[in-house]
Amino acid sequence: MNLPSTSGSGTGNAHQSGSKTSPHSTPYYGEIHQRLRSIFELSNFRPNQLGAITATLDGKDVFVLMPTGGGKSLCYQLPAVCTTGKTSGVTIVVSPLLALMKDQVTSLLKKNVNALLSNSETGGDDWSRLITCRSKPNLWYVTPEKLRDSGAVSKVLQRLYDDHSLARFVIDEAHCISTWGQDFRDAYTSLGSLREKYPNVPIMALTATANKKTVCDIISQLKLRKDHISFTQSFNRTNLNYIVKTKRGSPLNEMTNFITSKHQGHVGIVYCQARQTCETVARNMRDRSGLSAAHFHAGMSTSEKDQVIDDWQSGKVCIIVATIAFGMGIDKANVRFVIHYDMPKTLSGYYQETGRAGRDGEPADCLMFYSGHDLYKLQSQIQKSEDATPESKRRQEAAVREVYEFCKKISVCRRVQLLRHFDEDFDRALCQRGCDTCQDDRETVSRDVTKYIRDGVNLAKKLASDRTTFTVFGNVLRGSKAAEIVNRGLDKLSEYGSCSDLPKELVDLMLDELLYLGLVTKVATQNASGFHTEYLAVCFFRLFSSYPQ
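If you're matching positions, the sequence shown starts at 1 in UniProt numbering and goes up one per residue.
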């Protein structure tokens, strides 16, 4: 059934697969619109919402691929309060995000919708009441771990199924079931058994980040029926402006200048890779620039995190400086900027995190800082991971390198690159100067730097055994007369000053390229005081197996 969406705010073109039936001709249409207005206080649908709602009320399995901020939750919350569907009873919502579930349950209860959250505090009396009470919840939220491991939950589900009181299963963040995705979650694999245990209950799977391979994996693992209905649309967020800047040292001053000049008093999110960085950046933003900022990370207590979220949601705090632990399921429409202080680990994560900006449809900025050192740090973290398999490490490294490629391609439209990651072809002309590369009218000039790369590698081989920092390595190539270089006699080397005729920015890019190509690396060495210093090293395998001598 081909179910077109009604007009409404949204981005991109919608596409559905299935047989052709208009939702306007179904027996559910009247109730759907009545509930939309009376409970959710909305007057129209975003692309694909009406189609997905109609399909699940018709008892179909449904797959929804919708951009971040596209309105996925309405696709299952609204049918849960309808009574005219082919299935009735409790809608089971499986989500990996407790914060998201708590927010949604709180919001639904305020709308007088009967919703229940199952967590570690839910006791036996709650299960008994769920089975026996006449007014069962419209929606029951549960984590995949609880669904897999709790005998009490299984007992309740079986009883509801036997009583024909299971309306549907909803699998939110469905990409977590796919081993192809960076957010793979082991408990999600058990969701494939829902079809065998409850064969007559329709399943709805939703995600905002999945390429074609991941989509096929989701549909296969959840065992969606052959006549399932798929709803997809463009990943393009037309109101977002993408900006990528190289990072040399701390980008704090450049970032705060950007905020104070363009977004003074606006709501925003700053993402950092490390918890300590979050705290330091937030403190400096407050103390140096007078910005209203608070930090957020997984190392904080639940009460501390809840307080920060409440302060941000209420407007008491404008800017959250956080690790990626923040944001999943947090719905704040007026976020005017998202800044990545460090390079993210994956393009999917970058898309999801930037997607928290501009959910009200108004213009918003997405600024990312990156460097070759960011690449090195992320690759080091991957290699040091004791839990990851060699295959997992390979995929993670490939994902990190993809982000770095995205950053350094300064002549290719950011949207073209980002949407290509999701297997979507995009016409650069449609970007309409919505990214830094399309806004840059300067002519791109190509330059052969093979000689400089070769000099850099030869110099690295000479210095690698001599405890040389990466900074000194670069300064030798530039021809610096710093005391350390002269005292060590490094100014006498044949490669000294070999890059002195290049602009500083180009030398910096070349040094990053040496790291990216794996020709050189950094090795951390601990001194007697316990401090670590990173020294230059040569990747001999990569050098002698693939680099032309």
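Note that beta-carbon positions come from the ideal geometry of N, C-alpha and C, so glycine has one too.
Do Thr280 and Arg168 count as a contact pair if the criterion is CB distance below 8 Å? Locating residue 168 in the sequence shown gives position 168, counting from the first residue. Locating residue 280 in the sequence shown gives position 280, counting from the first residue. Arg168 is not a Cβ neighbour of Thr280, given a cutoff of 8 Å.
With distance defined between alpha-carbon atoms, name the residue in Val201, Ala460, Pro199, His175 nearest to Thr189. Within the sequence shown, numbered from 1, the residue matching residue 189 stands at position 189. Ranking the options by Cα distance to Thr189, first place goes to His175.
For Thr209, is the classification buried or exposed, using 16 other Cβ atoms within 10 angstroms of its Cβ as the cut-off for buried? As a first step, residue 209 is located in the sequence shown; it is residue number 209 there, counting from the start. Burial call: buried.
Same chain, Cβ closer than 6 Å to Leu117, neighbours up to 5 away in sequence not counted: Walking along the sequence shown from the start, residue 117 turns up at place 117. Only Met101, Val105, Tyr141 meet the Cβ criterion.
Candidates Gly518, Val523, Gly479: which alpha carbon is nearest Lys504's? Along the sequence shown, one-based indexing puts residue 504 at 504. Out of Gly518, Val523, Gly479, the CA that lies nearest to the CA of Lys504 is found in Gly479.
For Glu353, which of helix, strand or coil comes out of DSSP? Counting from 1 along the sequence shown, the entry for residue 353 is found at position 353. Correct three-state label for Glu353: helix.
Would Val90 and Val113 be called neighbours here (beta carbons separated by less than 8 Å)? As a position in the sequence shown, residue 90 is number 90, starting the count at 1. As a position in the sequence shown, residue 113 is number 113, starting the count at 1. Contact annotation: Val90 and Val113 have beta-carbon atoms that are not nearer than 8 Å.
Lys216 burial status per 10 Å Cβ neighbour count (16 or more: buried): To locate residue 216, count along the sequence shown from 1; it is residue 216. According to the sequence provided, residue 216 is Cys. The question's Lys does not apply to it. The C-beta of Cys216 has fewer than 16 other C-beta atoms within 10 Å across all chains shown, which makes the residue exposed.
DSSP on Gln432, reduced to helix/strand/coil? What you label residue 432 is simply residue 432 of the sequence shown in a count that begins at 1. The DSSP-derived three-state label of Gln432 is coil.
Within the chosen definition, does the segment 446–463 reach the segment 421–432 through at least 3 CB pairs nearer than 8 Å? Contact fails: fewer than three Cβ-Cβ distances are below 8 Å.
Can you give me the Cβ contacts of Arg195 inside the same chain, cut-off strictly under 6 Å, excluding the 5 residues immediately before and after it? On the sequence shown, position 195 is the one that residue 195 refers to. Excluding sequence neighbours, Arg195 sits near Lys223.
Just the Cα atoms here: how many angstroms apart are Pro27 and Gln221? The residue labelled residue 27 in the question sits at position 27 within the sequence shown. The residue labelled residue 221 in the question sits at position 221 within the sequence shown. Straight-line Cα distance between these residues: approximately 32 Å.
Closest Cα partner of Val62 within the set Ile203, Thr260, Lys111: As a first step, residue 62 is located in the sequence shown; it is residue number 62 there, counting from the start. Ranking Ile203, Thr260, Lys111 by Cα distance to Val62 puts Ile203 first.
Under the three-state reduction of DSSP, which class applies to Met204: helix, strand or coil? Along the sequence shown, one-based indexing puts residue 204 at 204. Met204: strand per DSSP, three-state reduction.
So for Glu495, helix, strand or coil by DSSP? By one-based count along the sequence shown, residue 495 stands at place 495. It is coil, neither helix nor strand.
Going by beta carbon distance, what residues of the same chain come within less than 6 Å of Arg395, once the five residues before and after it are set aside? Here the question's residue 395 lines up with position 395 in the sequence shown. Same-chain partners within the cutoff: there are none.
Less than 8 Å between the C-beta atoms of Glu495 and Asn458, yes or no? As a working note, residue 495 is residue 495 in the sequence shown. As a working note, residue 458 is residue 458 in the sequence shown. Pairing Glu495 with Asn458 gives a Cβ-Cβ distance under 8 Å.
CB of Ser371 within 8 Å of CB of Thr246, strictly: If you number the sequence shown from 1, residue 371 lands on position 371. If you number the sequence shown from 1, residue 246 lands on position 246. Yes, the Cβ-Cβ distance between Ser371 and Thr246 is below 8 Å.
Output the distance between the C-alpha atoms of Gly192 and Arg35, rounded to the nearest integer angstrom. Along the sequence shown, read from residue 1 onward, the residue named residue 192 stands at position 192. Along the sequence shown, read from residue 1 onward, the residue named residue 35 stands at position 35. Those two C-alpha atoms are separated by around 32 Å.
Express the C-alpha separation of Met368 and Val244 in angstroms, rounding to a whole number. One-based indexing of the sequence shown puts residue 244 at position 244. One-based indexing of the sequence shown puts residue 368 at position 368. Rounded to the nearest angstrom, the gap between the Cα atoms of Val244 and Met368 is 5 Å.
Measuring alpha carbon to alpha carbon, tell me which of Ala333, Gln352, Thr277 ends up nearest Gly358. Against the sequence shown, residue 358 aligns to sequence position 358. With distances taken between CA atoms, Gly358 lies nearest to Ala333 out of Ala333, Gln352, Thr277.
Gln381 classed as buried or exposed, judged by whether at least 16 other C-beta atoms fall within 10 angstroms: As a working mapping, residue 381 is identified with position 381 in the sequence shown. Counting C-beta atoms within 10 angstroms of its own C-beta, Gln381 has fewer than 16 neighbours from the protein chains shown and is therefore classed as exposed.
Close-in-space but distant-in-sequence residues of the same chain around Lys262 (CB under 8 Å, 5 per side omitted): Position 262 of the sequence shown, counted from the start, is the residue given in the question as residue 262. Correct list, in chain order: Phe337, Asp365.
Please name the residue, chosen from Arg467, Leu493, Val476, that lies closest to Ala537 on a Cα-to-Cα basis. Counted from its first residue, the sequence shown places residue 537 at position 537. Cα-wise, what sits closest to Ala537 is Arg467.
To which residues of the same chain is Leu78 closer than 7 Å at the C-beta, ignoring the five residues directly before and after it? Position 78 of the sequence shown, counted from the first residue, corresponds to residue 78. So the list reads Ile32, Arg35, Leu36, Phe40, Ile53, once near-sequence residues are dropped.
Just the C-alpha distance for Tyr242 and Ser385, rounded to the nearest angstrom, thanks. As a position in the sequence shown, residue 242 is number 242, starting the count at 1. As a position in the sequence shown, residue 385 is number 385, starting the count at 1. The straight-line gap from Cα to Cα measures roughly 31 Å.
Delimiting residues of the beta strand (DSSP E) encompassing Cys366: Locating residue 366 in the sequence shown gives position 366, where the first residue counts as 1. Note, Cys366: beta strand (DSSP E), 364–370.
Is the distance from the Cβ of Asn475 to the Cβ of Gln233 below 8 Å? The residue you call residue 475 lines up with position 475 of the sequence shown. The residue you call residue 233 lines up with position 233 of the sequence shown. Not in contact: Asn475 and Gln233 (Cβ atoms no closer than 8 Å).
Once you ignore the five residues that flank Ala14 on each side, which residues in its own chain have a CB closer than 6 Å to its CB? Here residue 14 is taken as the residue at index 14 of the sequence shown, counted from 1. With a pLDDT of 45 at Ala14, under the threshold of 50, the modelled position of that residue is not reliable, and the figure given next carries that caveat. Cβ neighbours of Ala14 within its own chain (closer than 6 Å, five residues either side excluded): Ser5, Pro47, Asn48, Gln233.
Count the other C-beta atoms from every protein chain shown that fall within 10 angstroms of the C-beta of Pro251, then say buried if there are 16 or more, exposed otherwise. The residue given as residue 251 occupies position 251 in the sequence shown. Answer is buried; the Cβ neighbour count reaches 16.
Cα-Cα separation between Cys539 and Ala398, rounded to whole angstroms: Along the sequence shown, read from residue 1 onward, the residue named residue 539 stands at position 539. Along the sequence shown, read from residue 1 onward, the residue named residue 398 stands at position 398. If you take the alpha carbons of Cys539 and Ala398, they lie about 18 Å apart.
Mind checking who Ile39 pairs with in its DSSP beta bridge? Sequence index remark: in the sequence shown, residue 39 carries index 39 (1-based). According to DSSP, Ile39 bridges with nothing at all.
May I ask you to report which of helix, strand or coil DSSP gives Gly124? Locating residue 124 in the sequence shown gives position 124, counting from the first residue. Any answer about Gly124 is weak, because its pLDDT of 49 lies below 50 and its placement is not dependable; what the coordinates show is given next. In this structure, Gly124 counts as helix in the three-state DSSP scheme.
Any idea what DSSP makes of Gln264, helix, strand or coil? Along the sequence shown, read from residue 1 onward, the residue named residue 264 stands at position 264. In this structure, Gln264 counts as coil in the three-state DSSP scheme.
Answer with buried or exposed for Gln417, where buried requires no fewer than 16 other C-beta atoms within 10 angstroms of its C-beta. Start at 1 with the first residue of the sequence shown, and residue 417 comes out as number 417. By the 16-neighbour rule on beta-carbons within 10 angstroms, Gln417 is buried.
Span of the beta strand (DSSP E), counted from its first residue to its last, around Arg168: Position 168 of the sequence shown, counted from the start, is the residue given in the question as residue 168. From DSSP, the beta strand (DSSP E) with Arg168 extends over 166–171.
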